[in-house]
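Visitor: So that we are looking at the same thing, I have put the structure below in structure tokens.
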Amino acid sequence: MNHTQSQLPAEALGHIDALYNLARWLVRDPVEAEDLVQETYLRAIRGAHQFQPGTNLRAWLFQILRNTFFSLHKRKGREPEAMDPDVLDGMSPGIGGAAGGGRLAGPPDGTAGLDLTAALQRLPEEYRSVVLLADLEDFSMGEIANIMACPVGTVKSRLFRARAILRELLRDYLP
Amino acid sequence: MECSEAREQLTDLNRGRLGAETAEAVRTHLQRCAACRSALQTEAEIRALIQARAPRYAAPPALRRRIEAALAGSSPPGESVTHDAAARTRGIGGRSRWRDWLRGHPWTLGSLAGATAVLLLVWAGSLWMTRDPVARLATRAVAEHAEYAKGLMQRPAPDPLTVVTELRSQAGFPFEPVFRGDSQVQLVAGMVSDLLGKRAATLVYRDGQGRYTTLFLMPEAGTMIPAEERMPIETFKPHHRVTSGRHLLLWKQRDLACLLVSDLDEAGMAAMFLKVRKAA
């Protein structure tokens with residue numbers, strides 16, 4: 018047996034739902050999401066010798082997932098309905114969500130499930146991932162910065178701006 | 021503390037993750053800055069909304085089994101899997117992954133006979149996919165339809181004109197005139213969706229018995245409409261198939277490929293098709 022494979026802790030399997038969830042938000046298609054998660058684990062198994070026992074396995078796996086996403090999907094280009102992250106990054110942090118916004122169609126009855134999904138998909142990947150990693154996975158800013166390979170300050174400003182954009186897109190659903 | 025600095029700390033303030041000193045500085049700023057107080061509220065609202073309402077997708081059991089086997093080092097992922105999953109493995113990882121596995125697992129050679137059988141299935145599967153390019157599109161459309169129906173349950177129908185107007189501004193391509201509902205069927209939502217990379221203006225309808233029908237309008241005429249399995253409905257002959265128990269109709273009108281997925285039975289679906297087709 019390849020000795021490097023046994024080094025990946027069995028608890029790695031415990032993160033599969035969270036990894037698959039982010040994969041679905043990244044690629045949307047269930048089949049492609051499965052591919053992405055499978056490739057993530059394969060890379061983790063192959064690179065298990067690089068993992069330091071006792072450090073953050075979960076964050077490490079998410080980092081591999083996102084890197085794998087880029088290596089598999091870089092050819093596909095930007096998502097059609099997402100806003101331009103370069104434009105958003107260049108905006109003043111105080112500015113809200115008017116950028117490329119536009120209200121989402123649907124009834125203002127407070128059941129925002131469907132439209133929240135659409136609103137999140139309007140965010141560019143760099144913003145959507147930050148929001149999901151912070152709110153659904155409860156990663157710290159430092160962990161998100163590691164996963165996204167960017168400075169902590171960038172994570173914080175993207176998170177703030179993403180919320181302002183979502184607030185604008187979902188203004189019919191919020192008090 | 022400046023506004024820009026304070027605003028970047030709001031998530032961690034709400035999560036109770038700021039050091040005492042920073043937290044105090046942010047709170048002091050908030051006391052004298054109404055805009056940042058409002059931003060703090062937005063932060064909490066959006067975070068709560070995402071946690072309560074954002075869909076969470078669970079890994080399919082087959083994927084879990086493959087990863088579990090891989091982690092246990094008992095078999096390479098894809099070896100004991102269904103043929104379509106093996107096809108996916110081959111499509112992404114390519115040959116290098118198998119080479120790596122074989123290098124690390126000389127005993128794997130013993131199971132090559134099994135792998136060959138799997139590969140034959142893969143080959144047969146890929147032939148099938150080539151001959152039936154609409155299959156994946158249909159599967160994806162049904163999955164989307166089911167998700168919409170679930171998400172829209174119990175929601176009152178909005179003003180159809182508003183839905184269509186807003187969808188028009190989002191879609192980026194002309195799709196009107198379009199069926200806006202009638203006394204039997206209501207238009208309950210409109211959104212832009214993504215069907216395997218094809219951008220679609222999507223309209224969801226609900227009848228009096230809570231059965232949903234989803235109409236996907238795609239600007240790409242490149243979507244292939246199979247010549248076979250046509251269903252004659254009055255003078256029209258859309259392609260018809262059943263995927264996961266749901267009827268689908270696929271046809272072309274003007275420059276749009278149109279895909280209708282429905283909870284209705286065949287007769288109901290045909291009636292719905294006529295409404296949609298004639299409105300256009």
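Top line first, the protein sequences correspond to chains S and X. Numbering-wise, the first sequence is residues 18 to 192 according to our numbering. Numbering-wise, the second sequence is residues 21 to 300 according to our numbering. The C-beta atom is built at its ideal place from N, Cα and C for all residues, glycine as well. Predicted model only: the values in this text are computed from it and were never measured.
Since residue 207 of chain X is in the beta strand (DSSP E), which residue starts that stretch and which ends it?
Guide: 205-215
Visitor: DSSP beta-bridge partners for residue 271 of chain X?
Guide: X:278
Visitor: For a cutoff of 8 Å on Cβ pairs, would you count residue 163 of chain X as touching chain S?
Guide: yes
Visitor: Quick one: which chain X residues come within Cβ less than 8 Å of residue 177 of chain S?
Guide: 27, 28, 30, 31, 59 and 63
Visitor: To which residues of the same chain is residue 59 of chain X closer than 8 Å at the C-beta, ignoring the five residues directly before and after it?
Guide: 27 and 30
Visitor: Put residue 201 of chain X into one of helix, strand or coil per three-state DSSP.
Guide: strand
Visitor: Classify residue 290 of chain X as buried or exposed, calling it buried when 16 or more other Cβ atoms lie within 10 Å of its own Cβ.
Guide: Per the 10 Å Cβ criterion, buried.
Visitor: With distances taken Cα to Cα, identify the nearest neighbour of residue 220 of chain X among X:199, X:64, X:155 and X:164.
Guide: X:164
Visitor: Below 7 Å between beta carbons is the criterion; list the residues of the segment 26-46 of chain S that meet it against any residue of chain X, in chain order.
Guide: 27, 29, 30, 33, 34, 37, 38, 41, 45 and 46
Visitor: Ignore the nearest five residues each way along the sequence and tell me which others in residue 161 of chain X's own chain have a CB closer than 7 Å to its CB.
Guide: Closer than 7 Å at Cβ, skipping near neighbours: 215, 236, 268, 279 and 281.
Visitor: Is DSSP giving residue 227 of chain X helix, strand or coil here?
Guide: strand
Visitor: Let me see if you follow: with CB-CB separation under 8 Å, is residue 77 of chain X close to chain S or not?
Guide: Interface residue, yes.
Visitor: Cβ closer than 8 Å: which chain X residues qualify as neighbours of residue 181 of chain S?
Guide: 59 and 62, listed in chain order.
Visitor: Is it buried or exposed for residue 173 of chain X, if we count other Cβ within 10 angstroms and need 16 for buried?
Guide: exposed
Visitor: Counting only Cβ pairs nearer than 7 Å, list the residues of chain S close to residue 216 of chain X.
Guide: 46
Visitor: From X:68, X:83 and X:197, pick the residue whose C-alpha is nearest to that of residue 51 of chain S; which is it?
Guide: X:83
Visitor: Do residue 154 of chain X and residue 244 of chain X come within 8 Å of each other at the CB atom, strictly closer than that value?
Guide: yes
Visitor: Just the chain S side, please: which residues come within less than 9 Å of residue 71 of chain X by C-beta, in chain order?
Guide: 152 and 153
Visitor: Count the other CB atoms within 10 Å of the CB of residue 234 of chain X; is the residue buried (16 or more) or exposed (fewer)?
Guide: Classification for residue 234 of chain X: buried.
Visitor: Excluding the 5 residues flanking residue 28 of chain S on each side, which residues of the same chain have their C-beta closer than 8 Å to its C-beta?
Guide: 74
Visitor: Taking one C-beta from the segment 80-89 of chain S and one from the segment 167-182 of chain S each time, how about it: are there three or more such pairs within less than 8 Å?
Guide: no
Visitor: Quick one: list the residues of chain S neighbouring residue 66 of chain X, beta-carbon separation under 7 Å, in chain order.
Guide: Within chain S, the residues near residue 66 of chain X are 180, 183 and 184.
Visitor: Are the beta-carbon atoms belonging to residue 186 of chain S and residue 136 of chain S less than 8 Å from one another?
Guide: yes
Visitor: Under a three-way DSSP split, which group does residue 244 of chain X fall into?
Guide: coil
Visitor: Would you mind sorting residue 283 of chain X into buried or exposed? The rule is 16 or more other CB atoms within 10 Å of its CB.
Guide: buried
Visitor: Between which two residues does the beta strand (DSSP E) harbouring residue 238 of chain X extend?
Guide: Here the beta strand (DSSP E) through residue 238 of chain X covers 232-238.
Visitor: Taking three-plus beta-carbon pairs below 8 Å as touching, is the segment 151-169 of chain S in contact with the segment 43-60 of chain S?
Guide: Of all C-beta pairs linking the segment 151-169 of chain S to the segment 43-60 of chain S, fewer than three are shorter than 8 Å, placing the two stretches out of contact.
Visitor: Does the beta-carbon distance from residue 200 of chain X to residue 181 of chain X come in below 8 Å?
Guide: yes
Visitor: Among the candidates S:61, S:180 and S:40, whose CA atom is the shortest distance from the CA of residue 79 of chain X?
Guide: Ranking the options by Cα distance to residue 79 of chain X, first place goes to S:40.
Visitor: With a threshold of 16 other CB atoms inside 10 Å of the CB of residue 33 of chain S, please say whether the residue is buried or exposed.
Guide: buried
Visitor: For residue 188 of chain S, which of X:189, X:62 and X:51 has the nearest alpha-carbon?
Guide: Considering only X:189, X:62 and X:51, the residue with the shortest C-alpha distance to residue 188 of chain S is X:62.
Visitor: Determine which residues share a DSSP beta bridge with residue 259 of chain X and list them.
Guide: X:250 and X:270
Visitor: Per DSSP, which residues does residue 219 of chain X bridge with? Please list them.
Guide: X:214
Visitor: Going by Cα to Cα distance, which pick from S:38, S:162 and S:63 is closest to residue 74 of chain X?
Guide: S:38
Visitor: Hey, out of X:300, X:250 and X:226, whose CA is closest to residue 288 of chain X's CA?
Guide: X:226
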